[in-house]
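Start counting the sequence shown at 27; every next residue gets the next number (the numbering used here).
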Amino acid sequence: METPGSQTSLHRANLERVVRAVRMAGSLTQAEIARSTGLSAATVSNIVRELKDGGTVEVTPTSAGGRRARSVSLSGDAGIVIGVDFGHTHLRVAIGNLAHQVLAEESEPLDVDASSAQGFGRAEELVNRLVEQAGISREKVVGVGLGVPGPIDVESGTLGSTSILPGWSGINPSDELSGRLGVPVHVDNDANLGALGEMVWGAGRGVRDLAYIKVASGVGAGLVIDGQIYRGPGGTAGEIGHITLDESGPVCRCGNRGCLETFAAARYVLPLLQPGYGSELTMERVVQLAREGDPGCRRVVADVGRHVGSGVANLCNLLNPSRVVLGGDLAEAGELVLGPIRDSVSRYAIPSAARRLSVAPGALGARAEVLGALALVLSEMGDSTLLLGSESAQTSTAPAFT
Numbered sequence: 027m028e029t030p031g032s033q034t035s036l037h038r039a040n041l042e043r044v045v046r047a048v049r050m051a052g053s054l055t056q057a058e059i060a061r062s063t064g065l066s067a068a069t070v071s072n073i074v075r076e077l078k079d080g081g082t083v084e085v086t087p088t089s090a091g092g093r094r095a096r097s098v099s100l101s102g103d104a105g106i107v108i109g110v111d112f113g114h115t116h117l118r119v120a121i122g123n124l125a126h127q128v129l130a131e132e133s134e135p136l137d138v139d140a141s142s143a144q145g146f147g148r149a150e151e152l153v154n155r156l157v158e159q160a161g162i163s164r165e166k167v168v169g170v171g172l173g174v175p176g177p178i179d180v181e182s183g184t185l186g187s188t189s190i191l192p193g194w195s196g197i198n199p200s201d202e203l204s205g206r207l208g209v210p211v212h213v214d215n216d217a218n219l220g221a222l223g224e225m226v227w228g229a230g231r232g233v234r235d236l237a238y239i240k241v242a243s244g245v246g247a248g249l250v251i252d253g254q255i256y257r258g259p260g261g262t263a264g265e266i267g268h269i270t271l272d273e274s275g276p277v278c279r280c281g282n283r284g285c286l287e288t289f290a291a292a293r294y295v296l297p298l299l300q301p302g303y304g305s306e307l308t309m310e311r312v313v314q315l316a317r318e319g320d321p322g323c324r325r326v327v328a329d330v331g332r333h334v335g336s337g338v339a340n341l342c343n344l345l346n347p348s349r350v351v352l353g354g355d356l357a358e359a360g361e362l363v364l365g366p367i368r369d370s371v372s373r374y375a376i377p378s379a380a381r382r383l384s385v386a387p388g389a390l391g392a393r394a395e396v397l398g399a400l401a402l403v404l405s406e407m408g409d410s411t412l413l414l415g416s417e418s419a420q421t422s423t424a425p426a427f428t
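Written out as structure tokens, the structure is:
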């Protein structure tokens, strides 16, 4: 039995600190582990050796600052995580290991608004197919991350707004998919997962305070405060799309008038262009035409950027993030949209907050949410299973670590 404060409990706590740091980063040098955990270099070296002997981590030669170093990552066969991302028009699934390597990934069109049963059925089929194709043992799957395009009620686990996904009313997405796949499922909204994905793999790496803004069928934000996703007590933090820009403006699906979403989301923006460009116009096509110099599409993209920038300015004044990452199809417009966002931030945000803010396009594109789903599992899973091999390799004469 471990006694609090004993050498055994301290040793276990240090093992968990190292494993947790590597699990979230994917790979770290031993010097980086020491900096992130606060442990001494000698302690980290001994712990890494023990974890390596137990099969928990892999160590490979690398370089850092021109010097030889050792890169530490979790063992590729230590476990498998699965990400499932429901968009309004697509389903994307990715399979990865604990070393942050994506082993399989596939996307297919899906009208997620139509039926939750159809959506979960398609997700189950796609997951099973990819697991089989990758030759993965199902016993290795430690969990599934699930993203949905709407706020999740923290207490009930159900979608918090039936106006966003009316066909999902009363559905608990986590329970539904877990029952089909037989493994734990962690669920969050797509904007939060986009923030997680960019923070772990993309444009938010190394940033402790950021906002990921996703502009698609709706407008949402994933907020990272001090390195952690902030969801709020009800799970609805980040609904930037429902900031009021014009109280006499168009009626929003939330019931209010003039929300940011009514000036920036695809469902409201595309009708402005469809009379001249056809009913099949998509936001992806608008961005492409804008990049090619089409004046109408350029004007619309710039207008959307200015409206989004007004919402970002409000975030700056309230939360003072150091970086805003723009996701969704709109991010592919580059400076055509980022420039107007910065202009609005400069105009409406407190100068000291605006000066410290960088606005960047997402680095992961359409993959941000599904990679964020993988990161969600990595952040929620415990370390006990990973430490079993290491603890069995530990002898009774193992030195104490501090």
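Glycine included, each C-beta is placed from N, C-alpha and C at the ideal position.
Limits of the alpha helix (DSSP H) - the one that residue i falls within
{"i": "Q254", "result": "Here Q254 belongs to no alpha helix (DSSP H); instead the beta strand (DSSP E) covers Q254 to Y256."}
{"i": "E306", "result": "Looking at the DSSP string, E306 is not in any alpha helix (DSSP H), and its letter there is neither H nor E."}
{"i": "V138", "result": "Here V138 belongs to no alpha helix (DSSP H), and DSSP marks it neither H nor E."}
{"i": "L156", "result": "S142 to Q159"}
{"i": "K240", "result": "Careful: K240 lies outside any alpha helix (DSSP H), inside the beta strand (DSSP E) at L236 to V241."}
{"i": "G74", "result": "First, the amino acid is wrong: residue 74 is Val here, not Gly. Start and end: A67 to D79."}
{"i": "P199", "result": "P199 to L207"}
{"i": "M50", "result": "Q33 to A51"}
Test item: CB-CB of residue i and residue j under 8 Å
{"i": "G264", "j": "L249", "result": "yes"}
{"i": "V295", "j": "V326", "result": "yes"}
{"i": "G284", "j": "E273", "result": "yes"}
{"i": "S114", "j": "S204", "result": "The sequence shown places His at residue 114, rather than the Ser named in the question. It is not a contact, given that the beta carbons lie outside the stated cut-off."}
{"i": "G398", "j": "L207", "result": "no"}
{"i": "E134", "j": "L156", "result": "no"}
{"i": "A217", "j": "L341", "result": "no"}
{"i": "G193", "j": "A149", "result": "no"}
{"i": "A221", "j": "I255", "result": "yes"}
{"i": "V45", "j": "V74", "result": "no"}
{"i": "E224", "j": "A392", "result": "no"}
{"i": "R234", "j": "G253", "result": "yes"}
{"i": "E395", "j": "G169", "result": "no"}
{"i": "R164", "j": "L404", "result": "no"}
{"i": "A367", "j": "G331", "result": "The sequence given here has Ile at residue 367, not Ala. Contact flag set, yes."}
For residue i, the first and last residue of its enclosing beta strand (DSSP E)
{"i": "R93", "result": "R93 to L100"}
{"i": "A120", "result": "H116 to N123"}
{"i": "T88", "result": "V83 to A90"}
{"i": "I59", "result": "Element bounds for I59: not the beta strand (DSSP E) but the alpha helix (DSSP H), Q56 to T63."}
Given residue i as reference, the closest of the options once Cα atoms are compared
{"i": "G173", "options": "I108, V385, V363 and I73", "result": "I108"}
{"i": "R118", "options": "A140, G145, L191 and I376", "result": "G145"}
{"i": "E84", "options": "A95, A90, M50 and G102", "result": "G102"}
{"i": "A380", "options": "A339, D216, A389 and H268", "result": "A339"}
{"i": "S348", "options": "I251, I106 and A120", "result": "I251"}
{"i": "L400", "options": "V110, G80 and E358", "result": "V110"}
{"i": "G360", "options": "G223, V313 and A104", "result": "V313"}
{"i": "L41", "options": "G322, L344 and E76", "result": "E76"}
{"i": "T88", "options": "S142, T55 and G147", "result": "T55"}
{"i": "G80", "options": "C323, A386, G275 and A104", "result": "A104"}
{"i": "V213", "options": "A95, I178, V245 and A247", "result": "I178"}
{"i": "T184", "options": "I376, I197, G176 and L191", "result": "I197"}
{"i": "N215", "options": "G302, T69, R293 and G261", "result": "G261"}
Beta-bridge partners of residue i, as assigned by DSSP
{"i": "G173", "result": "D111 and D214"}
{"i": "T270", "result": "C285"}
{"i": "V245", "result": "V241"}
{"i": "T106", "result": "Correcting the residue type first, residue 106 is Ile in the shown sequence and not Thr. In the DSSP output, where bridge partners are listed per residue, I106 has N123 and V167."}
{"i": "L185", "result": "I178"}
{"i": "I251", "result": "Q254"}
{"i": "L131", "result": "The residue asked about is misnamed: residue 131 is Glu in this sequence, not Leu. Answer is A120, bridged to E131."}
{"i": "V277", "result": "R283"}
_Segments of 4+ residues assigned as alpha helix (DSSP H) that fall wholly inside the region 324 to 399_ = If only uninterrupted alpha helix (DSSP H) runs of at least 4 residues are considered, those enclosed by the region 324 to 399 are 361 to 374 and 377 to 381.
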